[in-house]
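Take a look at the structure below.
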Amino acid sequence: MAKYRKLGRTSSQRKALIRNQVTALLNNGKIVTTEAKAKEIRKVAEKLIAMAVKEKDNFDEVTVTAKVARKDKDGKRVKEVVDGKKVTVYDEVEKKIKKDQPSRLHARREMMKVLCPVTEVPAKAAGKKAGTKKVDVVEKLFTEIAPKYADRNGGYTRIIKIGQRKGDAAMEVLMELV
Numbered sequence: 001m002a003k004y005r006k007l008g009r010t011s012s013q014r015k016a017l018i019r020n021q022v023t024a025l026l027n028n029g030k031i032v033t034t035e036a037k038a039k040e041i042r043k044v045a046e047k048l049i050a051m052a053v054k055e056k057d058n059f060d061e062v063t064v065t066a067k068v069a070r071k072d073k074d075g076k077r078v079k080e081v082v083d084g085k086k087v088t089v090y091d092e093v094e095k096k097i098k099k100d101q102p103s104r105l106h107a108r109r110e111m112m113k114v115l116c117p118v119t120e121v122p123a124k125a126a127g128k129k130a131g132t133k134k135v136d137v138v139e140k141l142f143t144e145i146a147p148k149y150a151d152r153n154g155g156y157t158r159i160i161k162i163g164q165r166k167g168d169a170a171m172e173v174l175m176e177l178v
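Reminder that position 1 of the sequence shown reads as 1 in full-length UniProt numbering, one-by-one numbering, no gaps.
This is the structure we're talking about:
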């Protein structure tokens, strides 16, 4: 008996399909797909969520000083003339940042191997580059999804059968985060 479904694809195509579907599931909360694909996606998604739940609080808060460009009322950088050249003026600011501990950093890198980069495009800016923003799905896993499932021991996804697809009669399902 095979350990996984081949889904009628080569290994690279199958890996890309699973990566894209898992990323869409974690980003949107639910997807519609075939039953065989959903069962394969569930394996990967459950492991990622379990990893995030285990490592969600494994970080240190560190205070660092950073140089930030001084800005005027219009939001433009303030410049001074020094030795005949225009130079940007910087202020030192203290910031608190989260520094991952080694196990959380490893978990983050393992998740980044599986998840694809996501760019959200607002409806009114469709087809334009301006207004788009990158979504950090790994950070979403740690900050939004993991706390939701902190008291749960597995079973983070649900598969609901919708019915057969019209074209090829494949069983379609709605896969969602519980």
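All C-beta atoms, glycine included, are put in the ideal place defined by N, C-alpha and C. Being a predicted model, the structure only gives us computed values, none of them experimental.
Quick check: the Cα distance between A146 and K86, rounded to an integer number of angstroms?
The sequence position of residue 146 within the sequence shown is 146, counting from 1. The sequence position of residue 86 within the sequence shown is 86, counting from 1. Between A146 and K86, the C-alpha separation is close to 48 Å.
Determine the DSSP secondary structure at L115, reduced to helix, strand or coil.
Looking up residue 115 in the sequence shown gives position 115. When secondary structure is reduced to three states using DSSP, L115 falls in the coil class, being assigned neither helix nor strand.
Separation of I31 from K6, as counted between CA atoms:
Within the sequence shown, residue 6 is the residue found at index 6, counting from 1. Within the sequence shown, residue 31 is the residue found at index 31, counting from 1. So the two alpha carbons sit approximately 20 Å from each other.
For A170, tell me which candidate among F142, V81, A38, E144 has the shortest Cα-Cα distance.
Residue numbering aside, residue 170 sits at position 170 when the sequence shown is read from its first letter. A170 has its Cα closest to that of A38, out of F142, V81, A38, E144.
Do three or more CB pairs link the region 94–109 to the region 121–129 at distances below 8 Å?
Not touching, per the Cβ criterion.
Do L174 and I162 have their C-beta atoms within less than 8 Å of each other?
Against the sequence shown, residue 174 aligns to sequence position 174. Against the sequence shown, residue 162 aligns to sequence position 162. For L174 and I162, yes; Cβs fall inside 8 Å.
Tell me, please, which residues DSSP counts as bridged to I97.
Within the sequence shown, numbered from 1, the residue matching residue 97 stands at position 97. DSSP, once it has assigned bridges, lists V62 as partnering I97.
Along the alpha helix (DSSP H) that carries I145, what are the first and last residues, could you check?
In the sequence shown, residue 145 corresponds to position 145, counting from 1. It is not in any alpha helix (DSSP H) - I145 carries neither H nor E in the DSSP assignment.
Indicate whether E114 and L48 have their beta-carbon atoms separated by less than 8 Å.
Residue mapping note: residue 114 aligns to position 114 of the sequence shown, counting from 1. Residue mapping note: residue 48 aligns to position 48 of the sequence shown, counting from 1. The residue asked about is misnamed: residue 114 is Val in this sequence, not Glu. Result yes, Cβ atoms of V114 and L48 sit closer than 8 Å.
Below 8 Å on the Cβ atoms is my guess for F142 versus A52; work out the distance and round it to an integer in Å.
Within the sequence shown, numbered from 1, the residue matching residue 142 stands at position 142. Within the sequence shown, numbered from 1, the residue matching residue 52 stands at position 52. With 8 Å as the limit, F142 and A52 qualify as a contact, their Cβ atoms being about 6 Å apart.
Beta strand (DSSP E) runs wholly inside the region 6–61, at least 3 long, in chain order
30–34
Contacting residues, own chain, Cβ-Cβ under 7 Å from V138 (five flanking each side not counted):
Residue numbering aside, residue 138 sits at position 138 when the sequence shown is read from its first letter. Cβ within range, chain order: R108, M111, M112, L115.
Between K133 and E120, which are expected to be in contact by the criterion C-beta below 8 Å, what is the C-beta distance as a whole number of angstroms?
As a working mapping, residue 133 is identified with position 133 in the sequence shown. As a working mapping, residue 120 is identified with position 120 in the sequence shown. About 5 Å; that satisfies the 8 Å criterion.
A66: which of D91, K124, E35, T33 sits nearest, CA to CA?
One-based indexing of the sequence shown puts residue 66 at position 66. Answer by Cα proximity: D91.
For K86, name the three-state secondary structure that DSSP assigns.
Position 86 of the sequence shown, counting from 1, holds the residue named residue 86. Three-state result, K86: strand.
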